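Here our numbering is used: the first residue of the sequence shown is -9, the next is one more, and so on.
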Amino acid sequence: MIDWFHPGLIYILGSALIPFFRGTLKKVYLLFIPALAFINLLLISKGVFLSEGKTWSLSFLGYDLVLGRIDPLSTVFAYVFVIASFCMMLFALHVKEDGQHIVAYLYVGSALGVVFSGDLLTLFFFWEIMAWSALFLIWYRKTKASFGAGLRYILVHFFGGACLLGGIFLHVQTTGSIAFETFQWGVGLNWTNLSSYLILLAFIINAAVPPLHAWLSDAYPEATVTGAVFLTAFTTKSAIYVLLRGFPGVELLIWLGAIMAVYGVVFAVLENDIRRLLAYHIISQVGYMVCGVGMGVVGTPAGEMAFNGAVAHAFSHILYKALLFMGAGAVLEVTGKSKLTELGGIYKYMPITFHLYMVGAYSISGFPLFNGFVSKTMVVQASAMWHLPIIWLMLEGASIGTFLHTGLKLPWGVWFAKGEPACKAKEPPWNMLVAMGITAFFCTLIGVYPKILYDMLPYPVHYEPYAPAHLVAMSQLLLFTFVAFWLLRKRLHGEPTITLDTDWFYRKAGERIIWFCEKPLMTFANFVDRFVLNAARALIWFSKNPAAAFEIKKKEMLLAGKRRLAKSVSTDVCEQALEEEKRKYPGELPGLTLGASIILILFSFLLYLALYLFAIP
């Protein structure tokens, strides 16, 4: 067996060579990197490199840094990350800026680093690279809005990183281990629980759990056309991976996930920007995964069903959400428009883009024969197996909203709503269409033949997605949703408004904090600054000749008293004498006699001795 080479390092090191290639050779090289990583993963799965259950570690400061942990959970996430990165880079092949390609591959490589991390320090290292590389995918759009969104993005993730680091320090302090395993979860305030709370908080920030989600719907629509496609896949799905690894079966996550599923579709109702609408549906779909993590109690049939469902849905979501953002990005690329109120009637100019987009829409909506159907229904079925009717109802309701807006409202508003095209349009470059076609193929392949995905999951799958009961139930739900949309389609069209989300509270709170810092706090700081400076000047002045300084201050006080008591008496002579003393100050310092000097030294020594013997414990 030969040494293992980290798949993430293929992207990270490979990105450094991108500027040295030009033209067609650069395009070939950009696609060669994910192809090489895929071959590497195949060799790992065949046991040519590290076999399953083995690790690749380095010794650092007395700890073992596990850079490579190979098991079914890490492998399935790595496969979909690599497959998606190939399709995404093909979609971005026409981009001429090397910087965009470099940060995109840093982003993918760091996400793979998170997936293969077997210890908390390695996890934190790649976690931070992932956040900073994502920032530049947003900033590369080079607009005022993208700069602001990127700044807010990194501030939120800086807070999340601080929580993660604090939790890691507490965990190491209390357990003595940096191993990334399932964390202790319980009620009560102790250091072990506190470390778990901090780490969980960091994870759910990256998973965009409300009310900590606004960074996603704020930043993703402001990224570049191709950068947004990359962003859909890795940050939130890496968060799902670490939740599966660290917090399976935590009941809190069941309710958070169900709330996410409903929350995302509700805000999508109000949204006019097509990429922001899709961003809200990321929150909704990730909610299914978070809910699956919460129900994923290992060792029980329902728990393993939920665990597998969360993994399978993460796999499917990466593919169909990338396809949806590719379709929306293609429209933005050729029209320059992203608002439903500015689009419509472009089907005759972009029919291929429409049909490829609809494959993603069918997938996210849970249509039979598409990958979303064979993964999402596993989580819903697990909620039924756990006898959680409220959770089941929330997840089913979110499915209705998903089809209503991603599968009906958005394509209708973009391609059909107006008789005449609202703007000039044409099919996007060939590489975009081919990338969408390959991604659509994977969405369909997994939907038609789910065994490919089920065989990769961590636990044996005992689930038949195409059972008649499942097909009838889903078909009814989709059919009646379509009828409702058709009757209400005019009312569901986009409105040229801005949707207020929880980021409104952040912004308002930020304004108050800035006001407090600029007004009361700065006024107090200036007062303290002036007080300290004046006190320091007075102390320096006094220390030059204490005896003369006392005499001057005494005369100033006497002179002030004379002015108050006898206002008619002239004090000009006294004032002139005092000014003359101040001018001559400090003058010659009075010398101490030999005896006085000895007494002062002895007194200082006795004071030090007393402090040493009695004051210092």
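Glycine is no exception: its CB is placed at the ideal position from the N, C-alpha and C atoms.
Keep in mind the model is a prediction, meaning the values are calculated, not measured.
Cβ atoms of Ser373 and Ile381 come within 8 Å of each other, at about 5 Å. Within the stretch 2 to 42, the complete alpha helix (DSSP H) runs of at least 4 residues fall at 13 to 35.
If you draw a 10 Å sphere on the C-beta of Ile436, you find 16 or more other C-beta atoms in it, and that means buried. Here Asp263 is bridged, per DSSP, to Lys329.
Within the stretch 38 to 118, the complete alpha helix (DSSP H) segments of 4 residues or longer fall at 62 to 81, 88 to 106, listed in chain order.
In this structure, Ile354 sits away from Leu400, with a CB-CB distance that is not shorter than 8 Å. By alpha-carbon distance to Leu206, the top candidate from Ser5, Gly157, Thr164, Arg265 is Arg265.
With contacts defined by Cβ atoms closer than 8 Å, Val276 and Thr226 form a contacting pair. Taking C-beta separations shorter than 6 Å and ignoring five residues to either side along the sequence, the partners of Met340 in its chain run Ala415, Glu417, following chain order. Between Ala312 and Thr172, the C-beta spacing is not below 8 Å. Within its own chain, the residues whose Cβ lies closer than 8 Å to the Cβ of His452, once the five positions on either side in sequence are excluded, are Pro291, Met295, listed in chain order. For Gln371, the enclosing alpha helix (DSSP H) has its first and last residue at 361 to 375. For Asp208, the enclosing alpha helix (DSSP H) starts and ends at 204 to 209. In this structure, Met375 keeps its C-beta atom at 8 Å or more from the C-beta atom of Asn298. Residue Cys77 holds the alpha-carbon nearest to the alpha-carbon of Met422 among Val18, Phe67, Leu33, Cys77. In the displayed model, Ala197 falls within coil according to three-state DSSP, outside both helix and strand. Judged by DSSP in its simplified three-state form, Ala248 adopts helix. Within the model, the alpha-carbon separation for Leu447 versus Gly13 is close to 40 Å.
For Ala204, the closest C-alpha among the options Gly239, Pro238, Leu141 is that of Leu141. Straight across, the Cα-Cα distance linking Ala300 with Lys366 is about 8 Å.
Excluding five sequence positions before and after Leu184, the CB atoms of its chain that fall closer than 7 Å to its own CB belong to Leu160, given in chain order.
Around Val287, the same chain offers Gly239, Gly293 as residues with beta carbons nearer than 6 Å, after the five sequence neighbours per side are excluded.
Here Val321 is not near Val424, since their CB atoms are 8 Å or more apart.
Leu154 and Gly289 have their C-alpha atoms roughly 28 Å apart.
Note on Thr133: under 16 other CB atoms within 10 angstroms of its CB, so exposed under the neighbour-count rule.
Between the stretch 99 to 117 and the stretch 227 to 234, the count of C-beta pairs closer than 8 Å reaches three or more; the two stretches touch. Between the alpha carbons of Phe22 and Phe71 lies a gap of roughly 15 Å. With contacts defined as CB atoms closer than 8 Å, Leu55 and Asp109 qualify as a contacting pair.
Judged by their CB atoms, Leu20 and His91 are nearer to each other than the 8 Å cut-off. For Lys441, the enclosing alpha helix (DSSP H) stretches over residues 441 to 444.
Straight across, the Cα-Cα distance linking Glu508 with Trp245 is about 40 Å. Note on Asn262: 16 or more other CB atoms within 10 angstroms of its CB, so buried under the neighbour-count rule.
Cβ atoms of Ile119 and Gly157 stay farther apart than 8 Å, at about 19 Å.
Taking a cut-off of 8 Å for Cβ pairs, the stretch 25 to 38 and the stretch -4 to 5 touch, as three or more such pairs fall below it. Each residue's CA atom was taken as its position, placing Gly254 and Ala525 some 58 Å apart. Shown here, Ala415 sits in coil according to DSSP, grouped into three states, outside any helix or strand.
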